[in-house]
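Scroll down for the structure; my scribbles are underneath it.
Numbering (the numbering used here), first residue to last: 88 to 367.
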């Protein structure tokens, strides 16, 4: 806009100069002397040129000032929109940048559910093993149960002999190393229980011995439980063995003794029966 106005001012100046030139030609034609004509041309040209120049310079200045004021005004008027536009433009990219910079949340793979350790069911505390009953208790209970079985079949209960009981216990100890009816040394002879049999008359005094009972029954087993429970197993074992019950349960033998020994988790039992009391 400003350039257009300046170009218009320059064109106005040029037109004025052209008109001045035409005036000079007319002056020459008036018939003034060459010197005056030249001077007039020069003066006229100079005056005309200066006047239009002065006149043209005013509009030029005015236009220039107008241009400047217009530019300032436009600038002033355009500041607000420019600022608002700048702010708007700046704000939008800022939002865009913020959106761009904001990292997208990555969807994490679901973590496997932690397996909670299962609380083990309370285990029942194992019962403390029952105390091993004494051999004397088992022996006493066994004798009682054998007599009960004898009576159940119609035989009389056998009389328990304490002396014979020592012999039966000695025999139960021998069964640990030699589980048989052949024992050495002889229990009655070692304990000097029963009737003494002298073999001197036969010329064999060294063969003399003691007779304390008529028969015996032997048993062993890894039985467990109370004295009563173990005695049940021993007595029923003899009852269920025809070879043993034939004399243990016989009414012919009215005297009896039971010997028990416990060693290494095994019970050893010897039952001695007799038809007469050989030594109490």
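Just so you know, even glycine gets a beta-carbon here, dropped at the ideal spot from N, CA and C.
Could you check if residue i is buried or exposed, using at least 16 other CB atoms within 10 Å of its CB as the buried criterion?
i, result
"residue 184", "A caution first: residue 184 carries a pLDDT of 48, below 50, which makes its placement in the model too unreliable to give a value."
"residue 118", "At residue 118 the pLDDT is 41, less than 50, meaning the model places this residue with poor confidence and gives no usable figure here."
"residue 237", "buried"
"residue 234", "buried"
"residue 283", "exposed"
"residue 232", "buried"
"residue 269", "exposed"
"residue 210", "exposed"
"residue 218", "exposed"
"residue 312", "exposed"
"residue 386", "Limits of the chain in this structure are 88 at one end and 367 at the other, which puts residue 386 out of reach."
"residue 255", "buried"
"residue 262", "buried"
"residue 336", "buried"
"residue 122", "Its pLDDT being 39, under 50, residue 122 is placed unreliably in this model, and the coordinates cannot settle the point."
Near residue i, which residues of its chain fall below 6 angstroms by C-beta distance, leaving aside the five closest residues on each side in sequence?
i, result
"residue 349", "222"
"residue 294", "286"
"residue 98", "none"
"residue 326", "236, 332"
"residue 275", "254, 281, 297, 299"
"residue 302", "334, 360"
Since I believe residue j is in contact with residue i (beta carbons under 8 angstroms), could you give me their beta-carbon distance rounded to a whole number of angstroms?
i, j, result
"residue 229", "residue 318", "4 angstroms"
"residue 296", "residue 273", "6 angstroms"
"residue 360", "residue 245", "7 angstroms"
"residue 364", "residue 248", "6 angstroms"
"residue 334", "residue 340", "6 angstroms"
Going by the DSSP bridge assignment, what does residue i pair with across the sheet?
i, result
"residue 357", "305, 346"
"residue 247", "343"
"residue 298", "282"
So the beta strand (DSSP E) residue i belongs to, where does it begin and stop?
i, result
"residue 282", "282 to 284"
Going along the chain, which residues of its own chain have a beta-carbon closer than 7 angstroms to the beta-carbon of residue i, five neighbours each way excluded?
i, result
"residue 259", "346, 347, 348, 355, 356, 357"
"residue 314", "220, 224, 225, 228"
"residue 250", "280, 366, 367"
"residue 351", "none"
"residue 338", "242, 243"
"residue 329", "none"
"residue 240", "336"
Go through its chain and collect everything with a Cβ distance to residue i's Cβ below 8 angstroms, but skip five positions before and after it.
i, result
"residue 308", "320, 321, 324, 353, 354"
"residue 252", "226, 344, 345, 346"
"residue 292", "285, 286"
"residue 362", "301, 339, 340, 341, 342"
Quick one: give me the first and last residue of the alpha helix (DSSP H) that residue i is part of.
i, result
"residue 229", "222 to 239"
"residue 316", "314 to 326"
"residue 334", "329 to 335"
Would the C-beta of residue i count as close to the ligand NAP, meaning under 7 angstroms from any of its heavy atoms?
i, result
"residue 224", "No copy of the ligand NAP occurs in the structure displayed, which carries no ligand at all."
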